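Structure first, then comments.
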Amino acid sequence: MGDDDSRNAEQAEQTVESRRPPRNLVGVNSQATAQPDKPRDSGKPGESALALTRRARRMARILAQTHPDARCELDFTTPFELAVATILSAQCTDVRVNQTTPALFARYPDAESMAQADRADLEEMIRPTGFFRNKTTSLLGLSHGLTTQYDGEVPDTMAQLVKLPGIGRKTANVILGDAFGVPGITVDTHMSRLVRRFGWTTETDPVKIEHVVNGLIPRKEWTMFSHRTIFHGRRVCHARKPACGACTLTKLCPSYGTGPIDPTAAARLLKGPRVAELAEAAGVPAP
């Protein structure tokens, strides 16, 4: 999803071996024992595939406790609306997209109507989301593809979705997971950044990252894990200055110390509507 965080900040990350004392949150007070057999490219030297899987699943459980409100933050009522909103969310915040789509969907509620839209009118309506010319091309192509190939309906398989203009694997997984209930891992800038910080992989290619996470997290949890990780990236584990000292994952994260570890300073970096709850979950004073 869209975000103002600087991706260049991720290059400055480094692994820090220091640890905070155990927190009271379930799963934080234990860490997988590194084993020398069958090492995996995980960013944690000597960690076996089994140890990595166990650690990853503990982290996933903690994220579920930390972000019980995690969900798709794009407003939609149909698969078509979600597809459009997800395209608009590229390099744009979900808040801005949600401010733009009500008028857009009132005028173009389905693929048939949007396929016949005047290009200049569509560009003007989505201008606030940025890159509006490219996005207009994608929306017109998507709408035309849906009307000519699928009777205006959004298909519910990855193979069909990625053949449509403007739809890549990330967008397809959002649509499948949130519109059709088909589990999928959404690799956006937050997912990509966090799984590397977690030491799950050193990959930067989204498809390879998706494959790694698919192998660590149970399939039934893929969609919600994606939402929770994205929430954590937006609210706690920021690109430029992560709130390490106010994070519930400190005992399991090899990147602890990338951001401030002082609880008070870290708590001030927390974002979103649940700052007090996030601080409490991490066992630090609310800012």
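When we follow numbering that gives the first Met the number 0, the leftmost residue of the sequence shown carries the number 0, and every step to the right adds one. The C-beta atom is built at its ideal place from N, Cα and C for all residues, glycine as well. Just so it is clear, the structure is predicted and the values come from calculations on it, not from any experiment.
Buried versus exposed, by CB contacts within 10 Å (16 or more), residue i
i: G180; result: exposed
i: L24; result: Only weak support is given to the placement of L24: the predicted model assigns it a pLDDT of 42, under 50, and the question is left unresolved by the model.
i: T32; result: In this prediction, T32 has a pLDDT of 30, which is less than 50 and means its spatial position is unreliable; what the coordinates show is noted afterwards. Exposed.
i: V161; result: exposed
i: A119; result: exposed
i: R233; result: buried
i: P253; result: buried
i: P67; result: exposed
i: G26; result: Residue confidence is low: G26 scores 35 on pLDDT, short of 50, so the model does not pin down where it sits. Its coordinate-derived value is still stated next. Answer is buried; the Cβ neighbour count reaches 16.
i: T228; result: buried
i: D93; result: buried
i: P154; result: buried
i: T247; result: buried
i: A69; result: buried
i: A285; result: exposed
i: A275; result: exposed
i: G45; result: exposed
i: Y297; result: Residue 297 lies beyond the stretch modelled for the chain, which goes from 0 to 286, so this question has no answer here.
i: V256; result: The question names Val, but residue 256 is Gly in the sequence shown. G256 comes out buried.
i: P287; result: Residue 287 lies beyond the stretch modelled for the chain, which goes from 0 to 286, so this question has no answer here.
Integer Cβ distance of residue i from residue j, believed to fall under 8 Å
i: T244; j: I260; result: Per the sequence shown, the amino acid found at residue 244 is Gly instead of Thr. That belief holds up - the Cβ atoms of G244 and I260 are roughly 4 Å apart, short of 8 Å.
i: I174; j: T100; result: In fact, because the Cβ distance is near 15 Å, the residues do not count as touching under 8 Å.
i: D187; j: C71; result: Not a contact, Cβ separation roughly 12 Å.
i: P182; j: K219; result: 6 Å
i: R56; j: I216; result: 7 Å
i: W221; j: I166; result: That belief does not hold up - the Cβ atoms of W221 and I166 are roughly 18 Å apart, past 8 Å.
i: R273; j: E209; result: Not really, about 28 Å apart at Cβ, beyond 8 Å.
i: C236; j: R196; result: 7 Å
Residue i vs residue j beta-carbon contact at 8 Å
i: A114; j: T146; result: yes
i: A59; j: F230; result: no
i: A242; j: A280; result: no
i: A110; j: S142; result: yes
i: G129; j: Q90; result: yes
i: L139; j: M124; result: no
i: L73; j: W199; result: no
i: L163; j: G144; result: yes
i: G258; j: L268; result: yes
i: E122; j: R106; result: no
i: L87; j: K134; result: yes
As an exercise, report each continuous alpha helix (DSSP H) stretch of at least 4 residues that is fully enclosed by the region 48-111, in chain order. 48-65, 78-87 and 93-106
Contained alpha helix (DSSP H) runs [length at least 4] in the region 139-204, N- to C-terminal order: 157-160, 168-178 and 188-196
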